[in-house]
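*Asks:* First the structure, which I've put down as structure tokens, then a few questions once you've had a look.
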């Protein structure tokens, strides 16, 4: 069960988990729909998507707790399709922790080592090392019901890590924790991963968690893999409408290119709003189905368009009226009704913004302004 | 309105007390009279232990008691085992007719004992020729006791976190080792509870046993019944006391084991 005999010489980043064209169907629903991806050694990889998108099912397929209907799962280069969970070189941290209630912390962590018939003294040593790793020193003899949610999560993590799996699978490990603790455990998870260097495959529906924790993210919806990329790529350049809105880009313009001339294209939204902007460097013009703009990239200026000095040519200017202001503490969310089309634009104004913006009120005429390059092209 | 309510309350009080009296008085009387010097065992004439001495020196009683204990012991072990694996299968496996099977297991509990008893007798003697005596009695007892274990253990399984099993498998335990180290210990309180309920069920049973016992395999309840034909004797009182005590001990054990189990599994 050791992964050491499958080192890929010559390749810098060995692929430690490969999913090839996996399909998993449940009665009436395709939970995983032809998904293929590779996860490299030592990275934190997240499956991100709303509940019911198939991310947990895919994780369970990897763990062997579900059998796929089609496709292969390879761990450390070996096809493990026919191996039961207890013979796969991966270990799962469950959302409910699933700590054994009749065993102490130490016995829980040592559970898998006992199954591997490792001598008692050795088990004790390895368990102690992992107890220290997850900062649970002094609690070895407690029972799970005497632990807090965060502590149970640490024990569950240690119980899996002690087996030194090729891949550690985390099934929404932080979902059951409250917000403050979740943040704390995110930091802990990252520290522990950097310390042990194990590949982490994390499942989450929380885009913030995925962004802050992961090296790479795969966004899923309805069993389909929509996009894989670094947190940066996923957040700043989502390729589809769903990914854009899921990652918080609430300004999404759906439409098509109606004209292109002199290096500029004219894009017309479904609501009739026309925007002219330079041809994107990488874009195949006819595939463009929309644009998205993150609310924090939009600036607001009081007054109508005529009152403004014309900005740099690359800026998009849209006149509108402030509909609603939501004060959220560290920033305010402002909803602007555009004059030319039935579109509401969402703008985030942080507290550090200028005075003019801080004084804006409901019903005021404003101009929303953002650089054309901050518009992200959507193709689906 | 208020007056009406008060009257209703009073009626409820009287009913409750009457129920308790009819529930407890006979048993308390039996226990009290078993220590009484009266030779009909029906009034108090001073303390004595002679009926207990008589009970112990009575070979028929000793035989019947031993027989009842052996039958109850075997029944408890076998019925609990069958009940455990049946409940596990009913909960974990998906197969055609599962719901039907689950409901049909209830039948031995809801059928009148007379029906079950006579049906078993016909089945044993006419069809499969099982000798009446220990074999027939034990099989009959297992038949009506196993469903009890199935339902107690199924009840525990509803509150079972099946992620425990998955976690064990995931950590490298085979299905058998998983049952041994995780599922089994978690179900143990329920298994013990069903064992402790089955014991008095089997030990006390009269009707079904009466049908299938045949000649010469008298269990304690049947012995008591046969003695009553000669009128109530003080020895009957001592046997009654014995039954009540054993059953109460069983119930107490169930109570405490469940209390412990709840404490352990509550997180």
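Chains as they are written, first to last, in this note's numbering: chain F, 78 to 457; chain P, 971 to 1237.
Where a beta carbon is used, it is the ideal one built from N, C-alpha and C, also for glycine.
Cα separation between residue 79 of chain F and residue 256 of chain F?
*Replies:* As a position in the first chain, residue 79 of chain F is number 2, starting the count at 1. As a position in the first chain, residue 256 of chain F is number 179, starting the count at 1. Low confidence applies to residue 79 of chain F: its pLDDT is 41, below 50, so where it sits in the model is not reliable enough to give any reading.
*Asks:* Listed in chain order, which residues of the stretch 93 to 107 of chain F have Cβ atoms closer than 8 angstroms to some Cβ of chain P?
*Replies:* Those would be none; no residue qualifies.
*Asks:* So, at 8 angstroms on beta carbons, what are the nonlocal neighbours of residue 86 of chain F in its own chain, with the 5 sequence-adjacent residues on each side left out?
*Replies:* Stepping through the first chain from its first residue, residue 86 of chain F is reached at position 9. For residue 86 of chain F, the predicted model reports a pLDDT of 42, less than 50, meaning its position is unreliable; a value from the coordinates is still stated below. Answer for residue 86 of chain F: no residue qualifies.
*Asks:* From residue 190 of chain F to residue 154 of chain F, what distance separates their C-alpha atoms?
*Replies:* On the first chain, position 113 is the one that residue 190 of chain F refers to. On the first chain, position 77 is the one that residue 154 of chain F refers to. So the two alpha carbons sit approximately 24 angstroms from each other.
*Asks:* Hey, does residue 183 of chain F have any beta-carbon neighbour from chain P nearer than 8 angstroms?
*Replies:* As a working note, residue 183 of chain F is residue 106 in the first chain. False, the Cβ-Cβ gap to chain P never drops below 8 angstroms.
*Asks:* Which whole runs of the beta strand (DSSP E) in the stretch 130 to 200 of chain F are 3 residues long or more, in chain order?
*Replies:* Runs found: 147 to 152, 167 to 170.
*Asks:* Taking 8 angstroms as the threshold (C-beta atoms), are residue 163 of chain F and residue 1143 of chain P in contact?
*Replies:* As a first step, residue 1143 of chain P must be located in the second chain, where it is residue number 173. As a first step, residue 163 of chain F must be located in the first chain, where it is residue number 86. Yes, Cβ-Cβ distance for residue 1143 of chain P and residue 163 of chain F is below 8 angstroms.
*Asks:* For residue 1166 of chain P, which residues in the same chain have their Cβ closer than 6 angstroms to its Cβ, ignoring the five residues on either side in sequence?
*Replies:* For the purposes of this step, residue 1166 of chain P is identified with residue 196 of the second chain, where counting begins at 1. Here the set comprises 1220, 1223, 1224.
*Asks:* Would you list, in sequence order, the uninterrupted alpha helix (DSSP H) runs of no fewer than 4 residues that lie entirely inside the stretch 1162 to 1194 of chain P?
*Replies:* Segments of the alpha helix (DSSP H) lying fully in the stretch 1162 to 1194 of chain P: 1177 to 1182.
*Asks:* Note down the Cα distance separating residue 27 of chain F from residue 219 of chain F, rounded to an integer number of angstroms.
*Replies:* Nothing about residue 27 of chain F can be read from this structure; chain F reaches only from 78 to 457.
*Asks:* Within the same chain, show all residues whose beta-carbon is closer than 8 angstroms to that of residue 242 of chain F, passing over the 5 residues directly before and after it, in chain order.
*Replies:* Along the first chain, read from residue 1 onward, the residue named residue 242 of chain F stands at position 165. Cβ within range, chain order: 166, 167, 168, 275.
*Asks:* May I have the straight-line CA-CA distance separating residue 356 of chain F from residue 363 of chain F, to the nearest angstrom?
*Replies:* Residue mapping note: residue 356 of chain F aligns to position 279 of the first chain, counting from 1. Residue mapping note: residue 363 of chain F aligns to position 286 of the first chain, counting from 1. The alpha-carbon atoms of residue 356 of chain F and residue 363 of chain F are separated by roughly 11 angstroms.
*Asks:* Pairing CB atoms from the stretch 1196 to 1208 of chain P with CB atoms from the stretch 1111 to 1128 of chain P, are three or more of them under 8 angstroms?
*Replies:* The stretch 1196 to 1208 of chain P is not in contact with the stretch 1111 to 1128 of chain P.
*Asks:* So within the stretch 189 to 263 of chain F, which uninterrupted beta strand (DSSP E) runs reach at least 3 residues, ignoring any that extend past its ends?
*Replies:* Counting whole runs of 3 or more residues, the stretch 189 to 263 of chain F contains the beta strand (DSSP E) stretches 244 to 248.
*Asks:* Between the Cα of residue 1214 of chain P and those of P:987, P:983, P:997, P:982, spot the shortest distance and give me the residue it belongs to.
*Replies:* To locate residue 1214 of chain P, count along the second chain from 1; it is residue 244. Nearest option by C-alpha distance: P:997.
*Asks:* So residue 1184 of chain P and residue 1103 of chain P are supposed to be a Cβ contact under 8 angstroms. How far apart are they, rounded?
*Replies:* Position 214 of the second chain, counted from the first residue, corresponds to residue 1184 of chain P. Position 133 of the second chain, counted from the first residue, corresponds to residue 1103 of chain P. With a Cβ gap of about 5 angstroms, residue 1184 of chain P and residue 1103 of chain P count as contacting.
*Asks:* Give every residue of the same chain whose Cβ lies closer than 8 angstroms to the Cβ of residue 1192 of chain P, excluding the five residues on either side of it in the sequence, and list them in chain order.
*Replies:* Position 222 of the second chain, counted from the start, is the residue given in the question as residue 1192 of chain P. Hits under 8 angstroms: 1034, 1176, 1179, 1180, 1183.
*Asks:* Hey, does residue 1141 of chain P have any beta-carbon neighbour from chain F nearer than 8 angstroms?
*Replies:* Here the question's residue 1141 of chain P lines up with position 171 in the second chain. Output row for residue 1141 of chain P: interface = yes.
*Asks:* DSSP three-state label for residue 1086 of chain P, please.
*Replies:* Numbered from its first residue, the second chain carries residue 1086 of chain P at position 116. DSSP places residue 1086 of chain P in helix when its eight states are reduced to three.
*Asks:* Residues of the stretch 110 to 142 of chain F in Cβ contact with chain P at a cutoff of 9 angstroms, in chain order, please.
*Replies:* If the cut-off is 9 angstroms between Cβ atoms, the stretch 110 to 142 of chain F has 137, 140, 141, 142 near chain P.
*Asks:* Residues in the same chain with beta-carbon distance under 6 angstroms from residue 84 of chain F, minus the five sequence neighbours each way, listed in chain order, please.
*Replies:* Position 7 of the first chain holds residue 84 of chain F. Reliability of the predicted coordinates at residue 84 of chain F is poor, the pLDDT of 42 falling under 50, and the value obtained from them is presented with this limitation in mind. Closer than 6 angstroms at Cβ, skipping near neighbours: no residue.
*Asks:* Closer than 9 angstroms by beta-carbon distance: list the chain F residues that pair up with residue 1110 of chain P, in chain order.
*Replies:* Here residue 1110 of chain P refers to the residue found at position 140 when the second chain is read from its first residue. Here the premise fails: no neighbours, minimum Cβ distance about 36 angstroms.
*Asks:* In chain order, what residues of the same chain lie with their CB nearer than 8 angstroms to the CB of residue 263 of chain F, ignoring the 5 residues before and after it?
*Replies:* For the purposes of this step, residue 263 of chain F is taken as the residue at position 186 of the first chain. 251, 286, 289, 290.
*Asks:* Grouping DSSP H, G and I as helix and E and B as strand, with all else coil, what is residue 1130 of chain P?
*Replies:* On the second chain, residue 1130 of chain P is found 160 positions in, with the first residue counted as 1. If DSSP states are grouped into helix, strand and coil, residue 1130 of chain P belongs with coil.
*Asks:* Using a Cβ-Cβ distance cut-off of 8 angstroms, determine whether residue 210 of chain F contacts chain P.
*Replies:* As a working note, residue 210 of chain F is residue 133 in the first chain. Closer than 8 angstroms: no.
*Asks:* At least one CB of chain P closer than 8 angstroms to the CB of residue 163 of chain F: is that the case?
*Replies:* Working through the first chain from its first residue, we reach residue 163 of chain F at position 86. It does: the Cβ of residue 163 of chain F has a partner Cβ on chain P nearer than 8 angstroms.
*Asks:* Is it buried or exposed for residue 1032 of chain P, if we count other Cβ within 10 angstroms and need 16 for buried?
*Replies:* In the second chain, residue 1032 of chain P corresponds to position 62, counting from 1. It counts as exposed.
*Asks:* At 3 residues or longer, what runs of the beta strand (DSSP E) sit wholly inside the stretch 399 to 456 of chain F?
*Replies:* 408 to 415, 421 to 427, 442 to 448, 453 to 455, all fully within the stretch 399 to 456 of chain F.
*Asks:* Taking CB distances under 8 angstroms as the criterion, tell me whether residue 1159 of chain P reaches chain F.
*Replies:* Within the second chain, the letter at position 189 stands for residue 1159 of chain P. Output row for residue 1159 of chain P: interface = no.
*Asks:* Quick check: what's the CA-CA separation for residue 370 of chain F versus residue 120 of chain F?
*Replies:* Mapped onto the first chain, residue 370 of chain F falls at position 293. Mapped onto the first chain, residue 120 of chain F falls at position 43. Roughly 29 angstroms separates the two Cα atoms.
*Asks:* Write down the C-beta distance between residue 156 of chain F and residue 149 of chain F rounded to the nearest angstrom, noting that I regard them as a contact closer than 8 angstroms.
*Replies:* Residue mapping note: residue 156 of chain F aligns to position 79 of the first chain, counting from 1. Residue mapping note: residue 149 of chain F aligns to position 72 of the first chain, counting from 1. Going by Cβ atoms, the distance from residue 156 of chain F to residue 149 of chain F rounds to 5 angstroms, so yes, they are a contact pair.
*Asks:* Roughly how many angstroms separate the alpha carbons of residue 1236 of chain P and residue 178 of chain F, rounded to a whole number?
*Replies:* Indexing the second chain from 1 puts residue 1236 of chain P at position 266. Indexing the first chain from 1 puts residue 178 of chain F at position 101. In this prediction, residue 1236 of chain P has a pLDDT of 47, which is less than 50 and means its spatial position is unreliable; what the coordinates show is noted afterwards. Using only the alpha carbons, I get a separation of about 8 angstroms.
*Asks:* What would DSSP say about residue 1229 of chain P, mapped onto helix, strand or coil?
*Replies:* Locating residue 1229 of chain P in the second chain gives position 259, where the first residue counts as 1. Looking at residue 1229 of chain P - three-state DSSP - the assignment turns out to be helix.
*Asks:* Counting only beta-carbon atoms, is residue 1133 of chain P nearer than 8 angstroms to chain F?
*Replies:* Position 163 of the second chain, counting from 1, holds the residue named residue 1133 of chain P. Yes, residue 1133 of chain P counts as interfacial toward chain F.
*Asks:* What separation, rounded to the nearest whole angstrom, lies between the Cα atoms of residue 93 of chain F and residue 441 of chain F?
*Replies:* As a position in the first chain, residue 93 of chain F is number 16, starting the count at 1. As a position in the first chain, residue 441 of chain F is number 364, starting the count at 1. Approximately 56 angstroms between the Cα atoms of the pair.
*Asks:* At which residues does the beta strand (DSSP E) containing residue 328 of chain F begin and terminate?
*Replies:* The residue you call residue 328 of chain F lines up with position 251 of the first chain. 328 to 338 is the span of the beta strand (DSSP E), which, as asked, contains residue 328 of chain F.
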